[in-house]
Amino acid sequence: MPTQTFFNLPKEKRKVLIDAAFKEFSRASLADASIANIIKEACIPRGSFYQYFEDKADIFFYILEEYNKHNREKVLLLLKENDGDIFIAFNEFFKMMLERFQHHEYRYFAQNIFLNMSYKVEHRLALNVNEPAAKERTNEFIRSINRSRLNVADEKEVLHLTKIIVAITIQNFIRFFAKEVPLDEIIGYYELELDLLKRGLSIDK
Numbered sequence: 001m002p003t004q005t006f007f008n009l010p011k012e013k014r015k016v017l018i019d020a021a022f023k024e025f026s027r028a029s030l031a032d033a034s035i036a037n038i039i040k041e042a043c044i045p046r047g048s049f050y051q052y053f054e055d056k057a058d059i060f061f062y063i064l065e066e067y068n069k070h071n072r073e074k075v076l077l078l079l080k081e082n083d084g085d086i087f088i089a090f091n092e093f094f095k096m097m098l099e100r101f102q103h104h105e106y107r108y109f110a111q112n113i114f115l116n117m118s119y120k121v122e123h124r125l126a127l128n129v130n131e132p133a134a135k136e137r138t139n140e141f142i143r144s145i146n147r148s149r150l151n152v153a154d155e156k157e158v159l160h161l162t163k164i165i166v167a168i169t170i171q172n173f174i175r176f177f178a179k180e181v182p183l184d185e186i187i188g189y190y191e192l193e194l195d196l197l198k199r200g201l202s203i204d205k
């Protein structure tokens with residue numbers, strides 16, 4: 001996480017550094033990204049960078065968390081719009097993100113995330129209940145799911161179901177960026193996998 005020194009910077013200066021890092025991580029994976037390129041783009045001394053972040057992984061995971069926070073809010077909104085139906089919400093989210101990935105500035109950043117997936121990155125993208133702040137966000141998410149439609153015993157089982165859906169979602173994003181199959185087939189795979197889960201877990205199956 002950034003140091004307090006980073007947060008003490010004016011908003012504009014923080015944005016310049018984050019934009020420079022985002023550009024670099026859109027160009028290259030975390031392993032291949034260069035701090036030299038980041039500080040050159042941001043026009044700051046190397047020493048200043050280390051006053052704000054421990055290393056390139058530190059700033060990468062900060063950007064990833066901000067990106068992930070936005071996506072969680074999107075899924076939460078879709079849940080509320082669809083009466084807590086987790087399958088409809090994720091299906092709409094998946095197709096919305098595929099559309100964004102084709103035309104949006106996040107395309108290459110996301111591509112480098114999904115084609116260079118590690119356990120640590122996947123863990124950050126999944127629901128994390130180990131940290132207090134993350135636990136509260138997860139609890140809000142779980143509470144937004146309509147359990148009356150699901151054959152689940154408790155919130156623990158809802159959490160595990162959500163983790164399974166997130167894993168399926170990540171796998172299909174990887175398929176998209178790897179260009180293994182056409183876009184319509186990727187959507188078909190995803191909807192089939194969600195439907196298999198739904199048929200097994202819906203009360204009105």
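For the sequence shown, this note's numbering begins at 1 and goes up steadily by one. Built from N, CA and C at the ideal position, the CB exists for glycine as well.
- Under the 8 Å Cβ criterion, the segment 38 to 48 does not count as touching the segment 84 to 93, having fewer than three qualifying pairs.
- When the alpha-carbon of ALA28 is set against those of PHE94, GLU81 and PHE60, the nearest one is in PHE60.
- A check of alpha carbon separations from GLU73 across LEU201, HIS123 and THR138 identifies THR138 as the nearest.
- Taking the Cβ atoms as the reference, PHE177 lies roughly 13 Å from PHE94, outside the contact range of under 8 Å.
- Here DSSP, grouped into helix, strand and coil, assigns LEU78 to helix.
- Taken through DSSP and simplified to helix, strand or coil, SER48 comes out as helix.
- Contact between the segment 170 to 190 and the segment 94 to 112 is present: 3 or more CB-CB pairs across the two stretches fall below 8 Å.
- The beta-carbon distance between ASN112 and SER26, rounded to whole angstroms, is 7 Å. This is short enough to meet the 8 Å contact definition.
- In the three-state DSSP reduction, LEU150 falls in the strand class (E or B).
- Proximity of the segment 181 to 193 to the segment 136 to 154 falls short of the contact definition, fewer than three beta-carbon pairs being nearer than 8 Å.
- With fewer than 16 other Cβ atoms from the protein chains shown falling within 10 Å of its own Cβ, ASN71 counts as exposed.
- By the Cβ neighbour-count rule, VAL181 is exposed, with fewer than 16 other Cβ atoms within 10 Å of its own.
- A straight line joining the alpha-carbon of PHE6 with that of ASP32 spans about 24 Å.
- Nearest in C-alpha terms to PRO10, of all of TYR52, MET1 and ALA36, is TYR52.
- Closest by C-alpha distance to LEU64, out of ALA36, LYS80, LEU30 and GLU12, is LEU30.
- Beta-bridge analysis with DSSP links SER202 to LEU150.
- Secondary structure at LEU30: coil, using DSSP grouped into helix, strand and coil.
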